[in-house]
Amino acid sequence: MQSLQLSMQLARSLFVNTHRSMKKRKALIDEKDNSNWRERKSKLFFGTVVVLSALTISPILLIVYELLAKGLKQINFDFFLKVAPDTLQAMTAVRNGEIIPGGIANGITGTLLMVVVASVIAIPISLLIGIFLYENQGKKYASLIRSLTDILQGVPSVVLGLIAYIWIVQGVTKGFSALAGSVALAIMMLPLIIRSTEETMKMIPISIKEAGAALGVPYHKIILKVMIPSGFSGLMTGILLSISRVLGETAPLMLTTLGSTTVNFNITKPTSAVPLQIWEFYNNPNMIDLVWSSSLFLMAFVLTLNIIAKRISMKFS
Amino acid sequence: MNDKILQISNPVLSIIDLSISYGEDKYAVKNVSADVKRNAITAIMGPSGCGKSTLLRAINRMHELYPNIHTKGEIKLNEESIYDMSTTKLRRKIGMVFQRPNPFPTMSIYENVIAGYSLNGSKLKKSEKDEIVESSLTDVGLLDEVKDSLNKKGNFLSGGQQQRLCIARTLAFKPDVILMDEPTSALDPLSTAKIEDLLVELKAHYSIILVTHNMSQAARISDNAMFMYLGELVEYDKTKKMFTNPKDSRTEGYLTGKFG
Amino acid sequence: MIKGAIPAFKEFGIFGFIFSTDWNPTEGKESYGAMPFIAGTVITSLLALIICFPLAFSTSLFISEYYRKTRIANILSTLVDLLAGVPSIVYGLWGFYTIRPLIAELGYSGQGYGIFTSALILAIMIIPYATSISNEIISMVPTELKEAAYSLGATRMEVIFSVILPSARSGLVAGYILALGRALGETMAVTMLIGNANVIPTGLFSPGNTMASVIANQFGEADGLKLSSLIAIGLLLFAVTAIVNAIGKVIIRKYA
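Those sequence lines, one after another, are chains C, Y and A.
Every position in the first sequence, counted from 1, becomes a number in the working numbering once 1233 is added.
Every position in the second sequence, counted from 1, becomes a number in the working numbering once 275 is added.
Every position in the third sequence, counted from 1, becomes a number in the working numbering once 919 is added.
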């Protein structure tokens, strides 16, 4: 009986209290109503976001425009076939208001040479490491390797150039060489390909691997003949992306292959490369026009590779 | 159709010919009209996909966050159209509790309860804030359980407690209407019972609209019930009447478990 | 692998005068110190991060919050990715021929070289990295939390600052730290714009050098002592970038 009365009292006081505070609270929030101002603030913020976003993408548009405007006039067949002109030739051409003769053939061949060598070095190693990481997901030494790979990815390209300098230029070829350049590029490609290989492998359904094993296929054959073909597009994407990344690298090449004025296929000798040539043109006041066309070419190539890689990865997933 | 729809005098909320579509012509809610009784619990029931949550979320204009949802029709809160007021004002008068408890994880329990005010930029004195927090937590029966940990973040609370915290957060505004979207479907039976008791207490001061896929819950605690099917409001009546004597065959089919 | 290079660094270091222990802010002919370059690197990278932040943050909000999953967000996202594909030397060229004259014209610096110019280009270069990580983090904030805030009457901006930001805070910090790591090591663009002065920069628009750019600028005719100092600077740069990147990755792993 008492408890009933008690709870009724409690309920009554609760009710009264709530009711009282209900009235008071309504007054509070309505008095201090500033929702119009807040809405306006929100809209203003939104406007700022839009403006800043537009500002953010403006550089890419400006750069492309600039390259096209200034670079197109220098592009002709010679561009791809002839070697860079010497200063005298360039100076005469500029004075006469003509297109500078010659092209960047030495750069193109040099870049091709070094990228191919770098790929030959990097791709097998990274594929193997990537597969190793995939097969040993939880193990301790696997995580160690993975962390090292991550660190490697963060290393600036100059530093890699220095390392290649020490190992190859001083150590192996006793002089600047394409090999050193390739090694620097290869080290840059490693983390990218390793990571994309591991990710691609992880995405292949495990049933395929098991089907191979159930048929009594030995391990290395499963990898070669079953897994890699299944993950081919993913792997290709990784490889293409890493190539496109190293194509534009200048600093490490400055420290390793130095550049050359002729087309050169000997990897123990200094070689040219497209970004290096751009740097040379930049430093030479007579070759300025060539700067734009070579940059245009370089960017077009890099972008094309990127687009191809994206297409492949989209078709894949 | 009119005899299947409850007539109410001095309703707290009036829904007038409301239709909601996704894209141009996929209608989730078709021409619904209903009045909601003051200080009562009104349940909205129906099988999955009948449009009950969509209907509920139109009442506090949540659909405006999603551009491909189109709403037609009118809703009035105490005779004032909800489209005539700003959403910030509206959502202070109509609160919402969601299916999964969603207290703000980076805020303490205290901050969570008062979150409505702080988010709205209200500057209240500490004593005012304390009072609001205390009374809201008392109203949901949580104060004793958390009064020593008000400044801790709420992630140690059980699901049922978290949900009660979310209800307290809504109560802090003393809204006219509380919308509840299957508030207990993610909770265990014990917590569910506690919250159902809480709702029955709360209806003395608030008008509650409760979407539920659990018929027995509707039968247990609601005063009036709407039955929706394929986007239409099929029947709306006092709960007891509807459960014992449904007027529409579809309602009967649902209640007897023939579908849904 | 990398460990192979370190003995070389250390060897030279012991020969040389003032390397890993003693960094003097001097750069005469015979005594080399790394201080000016450390200062240059730190200042340009931090400045770049500051400039990059509002731009990258707005763009992320645009893509993952305001216009999430719409076509224009996709276009914007692709354009930002393109920014990452531009080779650094092209950035340097563009900065040299376009931005630098602008700065010179505005009267801030004689020729337009300097800390600010390089920081500006750096900022543009690191935007895609910061944006892509921010995008992911922001879209990971659960919808329910946002809806809870809206249902309490918050405006869009309030939801962003009171719900999305606190939830995403650690991820965003990690993203910007990683962007910083990228800025620290950037060579070519900075080399072309910083003015190649081997002193601690005195003002916002004065020339200087960073660890990366001094290596690029002076490697050509360096030998003996100078060479070893440059290599030592390379080692330092490596250490700094490794640490910054590691911190960023740890934060991301802890968070996600």
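Virtual Cβ for every residue (Gly too), placed ideally from N, Cα, C.
Exposure of residue i, with buried meaning 16 or more beta-carbon neighbours within 10 Å
| i | result |
| --- | --- |
| C/Ala1444 | exposed |
| C/Leu1209 | With chain C covering only 1234 through 1550, there is no way to say anything about residue 1209 of chain C. |
| A/Pro944 | Because A/Pro944 sits at a pLDDT of 38, beneath the cut-off of 50, its placement in the model cannot be relied upon, and the following sentence gives the value as read from the coordinates. The residue in question, A/Pro944, is exposed, as its Cβ has fewer than 16 Cβ neighbours within 10 Å. |
| A/Gly1122 | exposed |
| Y/Gly532 | exposed |
| A/Thr989 | exposed |
| C/Arg1544 | exposed |
| Y/Lys368 | buried |
| C/Pro1537 | Reading off the sequence shown, one finds Thr at residue 1537 of chain C, where the question assumed Pro. With fewer than 16 Cβ atoms within 10 Å of its Cβ, C/Thr1537 is classed as exposed. |
| A/Thr1017 | exposed |
| Y/Asp419 | exposed |
| A/Glu1077 | buried |
Rounded C-alpha distance that separates residue i from residue j
| i | j | result |
| --- | --- | --- |
| A/Tyr1032 | A/Gly1114 | 5 angstroms |
| C/Leu1345 | A/Gly1011 | 23 angstroms |
| C/Gln1386 | C/Leu1468 | 18 angstroms |
| C/Leu1395 | C/Ser1359 | 21 angstroms |
| A/Leu1025 | A/Ile1162 | 38 angstroms |
| C/Met1532 | A/Met1059 | 34 angstroms |
| Y/Ser328 | Y/Asn335 | 12 angstroms |
| Y/Thr467 | Y/Thr459 | 5 angstroms |
| Y/Lys428 | Y/Leu440 | 12 angstroms |
| Y/Ser240 | C/Arg1428 | The structure shown does not extend to residue 240 of chain Y, since chain Y is modelled only from 276 to 535, so the question has no answer here. |
| Y/Thr317 | Y/Met501 | 7 angstroms |
| Y/Pro322 | Y/Ile295 | 18 angstroms |
| C/Ile1439 | A/Ser979 | 36 angstroms |
| C/Thr1489 | C/Met1347 | 11 angstroms |
| A/Ala924 | C/Phe1465 | For A/Ala924, the predicted model reports a pLDDT of 48, less than 50, meaning its position is unreliable; a value from the coordinates is still stated below. About 34 angstroms. |
| Y/Lys279 | Y/Ala309 | 11 angstroms |
| C/Leu1277 | Y/Asp451 | 31 angstroms |
| C/Met1255 | Y/Ile290 | Bear in mind that the predicted position of C/Met1255 carries a pLDDT of just 42, short of 50, making it unreliable; the figure below should be weighed with that in mind. Rounded to the nearest angstrom, the two C-alpha atoms are 26 angstroms apart. |
8 angstroms contact criterion, which residue i and residue j should meet: CB distance rounded
| i | j | result |
| --- | --- | --- |
| C/Met1487 | A/Ala1135 | 6 angstroms |
| C/Ile1441 | C/Gly1363 | Their Cβ separation, rounded to whole angstroms, is 17 angstroms, which puts C/Ile1441 and C/Gly1363 out of contact at 8 angstroms. |
| C/Ile1337 | C/Val1507 | 6 angstroms |
| Y/Leu331 | Y/Val475 | Going by Cβ atoms, the distance from Y/Leu331 to Y/Val475 rounds to 20 angstroms, so no, they are not a contact pair. |
| A/Ser977 | A/Leu1099 | That belief does not hold up - the Cβ atoms of A/Ser977 and A/Leu1099 are roughly 19 angstroms apart, past 8 angstroms. |
| C/Met1421 | C/Glu1482 | 7 angstroms |
Interface residues of chain A facing residue i [CB-CB closer than 7 angstroms]
| i | result |
| --- | --- |
| C/Asn1369 | In chain order: nothing, as chain A lies at least about 19 angstroms away. |
| C/Pro1508 | Pro1006, Ile1008 |
Interface partners of residue i on chain C, CB under 8 angstroms
| i | result |
| --- | --- |
| Y/Thr538 | Summary: the structure shown does not reach residue 538 of chain Y, with chain Y confined to residues 276 through 535, and so no result is reported for it. |
Under 8 angstroms from the C-beta of residue i: neighbouring residues of chain Y
| i | result |
| --- | --- |
| A/Gly1033 | The contacting residues do not exist; A/Gly1033 stays about 41 angstroms from chain Y at best. |
| A/Ser1086 | Pro380, Thr381 |
Cutoff 8 angstroms: residue i Cβ touching any chain C Cβ
| i | result |
| --- | --- |
| Y/Gly370 | no |
| A/Leu1001 | yes |
| A/Leu974 | yes |
| A/Ser950 | Low local confidence applies: a pLDDT of 45 at A/Ser950 is under 50, so the model's placement there is unreliable, with the coordinate-based value given in what follows. Taking Cβ atoms only, chain C never reaches closer than 8 angstroms to A/Ser950, which makes this a no. |
| A/Phe981 | yes |
8 angstroms Cβ cutoff, residue i in contact with chain A
| i | result |
| --- | --- |
| C/Asp1522 | no |
| Y/Lys426 | Sequence inspection shows Asn at residue 426 of chain Y; the Lys mentioned does not correspond to that position. No - not a single Cβ of chain A is within 8 angstroms of the one on Y/Asn426. |
| Y/Leu340 | yes |
| Y/Pro380 | yes |
| Y/Arg375 | yes |
| C/Met1255 | Here the model assigns C/Met1255 a pLDDT of 42, short of 50, so the residue's position is not dependable and the matter cannot be decided. |
| C/Thr1289 | yes |
Within chain C, the residues that residue i reaches when beta carbons sit closer than 9 angstroms
| i | result |
| --- | --- |
| A/Arg990 | Near A/Arg990 there are no residues of chain C at all, since even the closest Cβ is about 15 angstroms away, more than 9 angstroms. |
Beta carbon proximity, residue i to chain Y, threshold 8 angstroms
| i | result |
| --- | --- |
| A/Ile1170 | no |
| A/Pro1126 | no |
| A/Val1060 | no |
| A/Val1082 | yes |
| A/Glu1077 | yes |
| A/Glu984 | no |
Beta-carbon neighbours of residue i, restricted to chain A and to distances below 8 angstroms
| i | result |
| --- | --- |
| Y/Met337 | Glu1066, Tyr1069, Ser1070 |
| C/Gly1481 | Val1005, Pro1006, Ser1007, Ile1008, Val1009 |
| C/Tyr1374 | In chain order: nothing, as chain A lies at least about 15 angstroms away. |
7 angstroms Cβ cut-off: residues of chain C touching residue i
| i | result |
| --- | --- |
| A/Phe1157 | Val1388, Val1392 |
Neighbouring residues, chain B, relative to residue i (Cβ below 8 angstroms)
| i | result |
| --- | --- |
| Y/Gly391 | Here the protein chains are C, Y and A, and chain B is not one of them. |
Closer than 9 angstroms at the beta carbon, the chain A residues around residue i
| i | result |
| --- | --- |
| C/Met1532 | Gly1004, Val1005, Pro1006, Val1009 |
| Y/Arg366 | Tyr1069, Ser1070, Leu1071, Gly1072, Ala1073 |
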